[in-house]
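Q: Mapping of the sequence shown onto this note's numbering: position 20 corresponds to residue 1094, and the numbering continues sequentially without gaps. Here a beta-carbon is modelled for each residue, glycine too, at the ideal position from N, C-alpha and C.
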Amino acid sequence: MDLIVHSLYSHKEVFLRELVSNASDALDKLRFLSVTDPSVLADGGDMEIRIKPDPDAGTITITDSGIGMTKDELKDCLGTIAQSGTSKFLKALKENKELGSDNGLIGQFGVGFYSAFLVAEKVVVSTKSPKTDKQYIWEAEANSSSYVIREETDPEKMLTRGTQITLFLREEDKYEFAEPTRIQGLVKNYSQFVSFPIFTWQEKSRTVEVEEEESKETEETAEGEKEKKKKTITEKYWDWELANETKPIWMRNPKEVEETEYNEFYKKAFNEFLDPLAHAHFTTEGEVEFRSVLYIPGMAPLSNEEIMNPKTKNIRLYVKRVFISDDFDGELFPRYLSFVKGVVDSNDLPLNVSREILQESRIVSYWKAFVT
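#1: Any idea if ARG1091 is buried or exposed, counting beta-carbon neighbours within 10 angstroms, 16 or more meaning buried?
#2: How far does the beta strand (DSSP E) with LEU1316 in it extend, from its first residue to its last?
#3: The ligand HEM heavy atoms versus the CB of VAL1414: any closer than 6 Å?
#4: Where TRP1441 and TRP1275 are concerned, what is the direct C-alpha to C-alpha distance, given to the nearest angstrom?
#5: Out of SER1219, THR1135, GLY1119, PRO1112, state which residue places its alpha-carbon closest to the alpha-carbon of GLY1153.
#6: For the segment 1259-1271 against the segment 1091-1107, are there 3 or more C-beta pairs whose distance is under 8 Å?
#7: From ALA1156 to VAL1185, what does the alpha carbon distance come to, in whole angstroms?
#8: Helix, strand or coil for GLU1253, going by three-state DSSP, please let me know.
#9: How would you write the range of the beta strand (DSSP E) that LEU1351 sits in, first residue to last?
#10: In this structure, how does DSSP classify GLU1430 when only helix, strand and coil are distinguished?
#11: Can you check DSSP and say which residues form a bridge with GLY1416?
#12: Whose C-alpha, out of SER1279, PRO1322, LEU1115, is nearest the C-alpha of ALA1343?
#13: Could you say which of GLU1363, ILE1370, MET1325 lies nearest to GLU1346 if we only look at CA atoms?
#14: So the candidates are ASP1419, ASN1337, LYS1126; which of them puts its Cα closest to the Cα of LEU1351?
#15: If we call anything under 7 Å between Cβ atoms a contact, is ILE1141 one with LYS1103?
#16: Taking just the CA atoms, how far does VAL1109 sit from GLU1280?
#17: Looking at C-alpha atoms only, which residue of GLU1361, LYS1278, LYS1305 is the closest neighbour of GLU1287?
#18: What's the call for PRO1254, buried or exposed, on a 16-neighbour Cβ count within 10 Å?
#19: Determine the direct distance from the alpha carbon of GLY1259 to that of ASP1313, and round the result to whole angstroms.
#20: LEU1233 by DSSP, collapsed to three states: which one?
#21: Report buried or exposed for ASP1419, applying the criterion of at least 16 other Cβ atoms within 10 angstroms of its Cβ.
#22: What does GLN1266 pair with, by DSSP beta-bridge criteria?
#23: Kindly indicate which three-state DSSP category PRO1127 falls into: helix, strand or coil?
#24: Which partner residues does TYR1210 have in the DSSP bridge list?
#25: Can you give me the C-alpha to C-alpha distance between ALA1131 and ASN1327, rounded to a whole angstrom?
#26: Provide the residue span of the beta strand (DSSP E) that contains ARG1280, from first to last.
#27: May I have a chain-ordered list of the beta strand (DSSP E) segments no shorter than 3 residues that lie completely inside the segment 1102-1148?
#28: Would you report the Cα separation of PHE1339 and SER1399, rounded to the nearest angstrom?
#29: Would a C-beta distance cut-off of 7 Å place ARG1235 and LYS1202 closer than the cut-off?
#30: Going by DSSP, what residue range makes up the beta strand (DSSP E) through PHE1191?
#31: Can you tell me whether GLY1118 is buried or exposed? The criterion is at least 16 other CB atoms within 10 Å of its CB, across all chains shown.
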């Protein structure tokens, strides 16, 4: 586990991106398989992802209603680092044209799951596959090189279908990552364009009317009955909240997108209050494929330093709608265009094993030449 924790990731917070991406992959697998076998969707509920942080217990639980895993798949996919079930599925998918080739699976490297140990001292995975009637639990600790697989026997913990991952956070990470608003923020930053709905457990408030306690001054009605006074109070409660309601506008046909939609997406994605001056929405196909929407902001940069700053975080790179980075040093844009804002999404971009750093690539060179 030390290899994963210390070598593959530079920021702890990416653990949630990786686990949500895995959950999305599991849902994609289920959707593809349901084309030829609709029975896999039976009695499984909506296709969604739910994330429940518990500040008191110091845990985070991520649940998806995807394809789940059998006991053998648990051994293959979680028992060996860099053994990715998604890679196997993609290989099988290519051999079965009936399922189609337009998919969003991104788990190419098989190590994303282990990013959980960046923040967790123990991880428990409970999973149920439509292929079997049994539900299995996989459990491992960060300071151990072994794991345990056992059958779930508690009726109250049974899943209809899918996978539930519980992270028992390290002492130093409980305060930050068991905080519901922090989890909500991470989902919006990294995974807001994932194809499936992602719900997070959030504290909310509502206004309710309650009766005041009786007092000597309580008024009486004409019939002589005491009229109870009411007051308004704010009540706290917990409920699920959709975290990824913004849709990836760049995935749509430009001819079908209204100007107001482009403007609203720009304001939400970049926290702007002015409409952009102009936008460009384009798609390339063939040897190199990517989709992009670029904007010229409605307000000019305030200084020459801002104009020529290559690290403006104005361009967001996505791979299959999962946020990878906005920290570039002129790789995607020349300095004189650093004021341009937008998103770039590709299924073909080569990333390192952690999906964090772009490797030297002809695709990046092609992109840079294309936009300039």
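A: On the basis of the data shown:
#1: buried
#2: 1304-1316
#3: With respect to the ligand HEM, the structure offers nothing, as it holds no ligand at all.
#4: 39 Å
#5: Nearest of SER1219, THR1135, GLY1119, PRO1112 to GLY1153, Cα basis: SER1219.
#6: yes
#7: At ALA1156, the pLDDT of 48 sits below 50, so the modelled position is not reliable and the matter cannot be decided from this model.
#8: Correct three-state label for GLU1253: coil.
#9: That residue, LEU1351, is in no beta strand (DSSP E); it is neither H nor E in DSSP.
#10: Interpretation of GLU1430 is limited by its pLDDT of 49, a score under 50 that renders its predicted location unreliable; no figure is taken from the coordinates.
#11: In the DSSP assignment, the residues bridged to GLY1416 are LEU1368, ILE1389.
#12: Considering only alpha carbons, the answer is PRO1322.
#13: Answer by Cα proximity: ILE1370.
#14: ASN1337
#15: yes
#16: For clarity, residue 1280 is Arg in the given sequence; the question names Glu instead. Approximately 43 Å, taken between the alpha carbons.
#17: If we check each option's Cα against that of GLU1287, LYS1305 comes out closest.
#18: buried
#19: 17 Å
#20: coil
#21: buried
#22: According to DSSP, which records beta bridges pairwise, GLN1266 is partnered with nothing at all.
#23: strand
#24: THR1201, GLU1225
#25: 46 Å
#26: 1272-1285
#27: 1123-1128, 1133-1138
#28: 19 Å
#29: yes
#30: That residue, PHE1191, is in no beta strand (DSSP E); it is neither H nor E in DSSP.
#31: buried
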